[in-house]
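When the letters of the sequence shown are read in order and numbered with the working numbering, they come out as residues 3 to 293. Note that the Cβ used here is the ideal one computed from N, Cα and C, for glycine as well. Remember, it's a predicted structure, so these values are computed and weren't measured experimentally.
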Amino acid sequence: MIITGLIKSVDEEEKILTLKHKNKVNTYYVQKSLMNNFSKYLKVGYFIQFIVKDEPRIYRGILVRNIDHIRKIQVLRHRKSLVFFDYKNINNGIQKLINSLENIMYLDLEMTMHPYKKDPTFRQEVLQVGYLLEDANGNVIKKYNKMIKPTIHKTITARTRKFLKITQEEVDKGIDYNEFYEDFKETILKYKPAILAWGKNDFLALKDSYIVNKRSSLIGYTRYINLLKIHKTFLNVRNDIGLFNAYGLYYEPLQKQSHDAFEDAQVTKKILEGFKSLVNEKITVDTKNLI
Numbered sequence: 003m004i005i006t007g008l009i010k011s012v013d014e015e016e017k018i019l020t021l022k023h024k025n026k027v028n029t030y031y032v033q034k035s036l037m038n039n040f041s042k043y044l045k046v047g048y049f050i051q052f053i054v055k056d057e058p059r060i061y062r063g064i065l066v067r068n069i070d071h072i073r074k075i076q077v078l079r080h081r082k083s084l085v086f087f088d089y090k091n092i093n094n095g096i097q098k099l100i101n102s103l104e105n106i107m108y109l110d111l112e113m114t115m116h117p118y119k120k121d122p123t124f125r126q127e128v129l130q131v132g133y134l135l136e137d138a139n140g141n142v143i144k145k146y147n148k149m150i151k152p153t154i155h156k157t158i159t160a161r162t163r164k165f166l167k168i169t170q171e172e173v174d175k176g177i178d179y180n181e182f183y184e185d186f187k188e189t190i191l192k193y194k195p196a197i198l199a200w201g202k203n204d205f206l207a208l209k210d211s212y213i214v215n216k217r218s219s220l221i222g223y224t225r226y227i228n229l230l231k232i233h234k235t236f237l238n239v240r241n242d243i244g245l246f247n248a249y250g251l252y253y254e255p256l257q258k259q260s261h262d263a264f265e266d267a268q269v270t271k272k273i274l275e276g277f278k279s280l281v282n283e284k285i286t287v288d289t290k291n292l293i
């Protein structure tokens with residue numbers, strides 16, 4: 003339900019606000035994350051529009067409804083309204099970003115995993131790199147799928163073997179990190195792609211890999227785009243969305259959910275294709291299972 007009205011009071015400590023809506027004053031609970039992000043705009047006399055989905059509940063002896071997400075905050079002026087936040091403007095920006103992408107690298111990594119027994123000396127390392135590089139027309143420039151031999155912990159843990167369904171022999175046949183690094187550097191300098199990944203973990207893992215292997219950081223030459231974060235913003239979803247759940251927004255669900263970097267990179271590509279249709283209003287998606 004979309005609620006629009008005039009803010010009558012705000013209690014930041016209790017995270018509640020009262021709103022005049024259809025000649026009634028109702029009380030709403032502002033989730034902590036929303037309060038942190040919007041508290042400076044939640045002022046008495048400002049107009050706000052938000053969505054509520056939960057049924058009313060009793061909070062601190064008061065009947066409230068939870069604010070799911072905020073759509074707009076503004077203050078009315080004599081000549082022109084002063085808009086502090088409008089999700090439509092943000093989504094228009096996302097549309098422009100997606101439509102402006104040229105060379106794209108769909109990237110996914112698999113990492114070594116901690117042993118079952120706690121080991122304070124253990125450090126995760128990149129174990130597999132998979133990416134698909136395409137030009138603006140969707141033509142494939144390069145495919146990359148390599149196992150990377152760990153630098154510090156050369157023997158992978160039982161947890162890693164079980165989760166990724168790989169053997170030590172397969173890892174031992176992989177390439178050295180430096181070989182990957184030189185190839186990756188050459189590729190990004192030549193094609194200057196936008197690097198798309200699902201979530202931030204892969205970006206952080208690459209950043210850490212430069213330190214582990216004592217190589218110069220490539221961050222200054224790379225343009226990373228977190229497709230998960232963009233989805234959450236565009237769809238107004240609070241919780242993280244799994245890669246395969248995101249795929250299911252646009253296509254029939256995949257039965258096989260293996261842990262393979264190159265396969266996941268291909269899934270990321272399909273998700274972007276679906277998302278591009280969504281932001282350009284060619285399709286709609288059902289997000290009720292994501293909230």
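Per DSSP, the continuous beta strand (DSSP E) segment holding Y133 begins and ends at V128 to E136.
Non-local C-beta neighbours of A138 in its own chain, meaning closer than 6 Å and more than five positions away in sequence, comprise E104, ordered along the chain. Here the alpha carbons of G140 and L274 stand approximately 12 Å from one another. Considering only I154, Q76 and F86, the residue with the shortest C-alpha distance to M113 is I154. Counting of Cβ neighbours within 10 angstroms places V32 among the buried residues, the total reaching 16 or more. Contact annotation: I9 and I72 have beta-carbon atoms that are not nearer than 8 Å. The secondary-structure analysis by DSSP pairs Y31 across a beta bridge with I18 and N68.
Counting along the chain, the unbroken beta strand (DSSP E) around I4 starts and ends at I4 to D13. A direct Cα-to-Cα measurement between K74 and N241 gives close to 20 Å.
Note that the C-beta distance between A263 and L134 is not below 8 Å. Fewer than three beta-carbon pairs drawn from the region 168-175 and the region 202-209 are found closer than 8 Å, and the two stretches are therefore not classed as touching.
For the 8 Å CB-CB criterion, L19 and I5 do not form a contact. Look at H23 here: in three-state DSSP terms it is strand. Non-local beta-carbon contacts of D13 in its own chain, meaning distances under 8 Å to residues more than five positions away in sequence, involve L19 in chain order. Sorting V281, K272, I158 and E265 by C-alpha distance to the C-alpha of Y146 places E265 at the top. Assignment of F124 by DSSP, reduced to helix, strand and coil, places it in the coil class. Excluding five sequence positions before and after G176, the CB atoms of its chain that fall closer than 6 Å to its own CB belong to M149, I150 and K151, given in chain order. A straight line joining the alpha-carbon of R59 with that of D70 spans about 14 Å.
In the DSSP secondary-structure assignment, F186 is not bridged to any residue. Beta-bridge annotation (DSSP): V269 is not paired with any residue. Per the C-alpha coordinates, the member of P122, I100 and Y179 positioned closest to R217 is Y179. The beta carbons of L245 and Y223 sit no closer together than 8 Å. N228: member of the beta strand (DSSP E) spanning R225 to N228, first to last residue.
Per DSSP, the unbroken beta strand (DSSP E) holding D110 starts and ends at I106 to M113.
The beta carbons of A199 and T270 sit about 7 Å from each other, so the pair counts as a contact at 8 Å. Linking H116 to N238 through their CA atoms gives a straight-line distance of about 34 Å.
Remark: C-beta atoms of I92 and T235 approach each other more closely than 8 Å. In the three-state DSSP reduction, N147 falls in the strand class (E or B). Taking the Cα positions, H80 is about 19 Å away from Y43. DSSP places R62 outside any beta strand (DSSP E), giving it a letter other than H or E. In this structure, DSSP gives V173 a helical state, which the three-state scheme calls helix.
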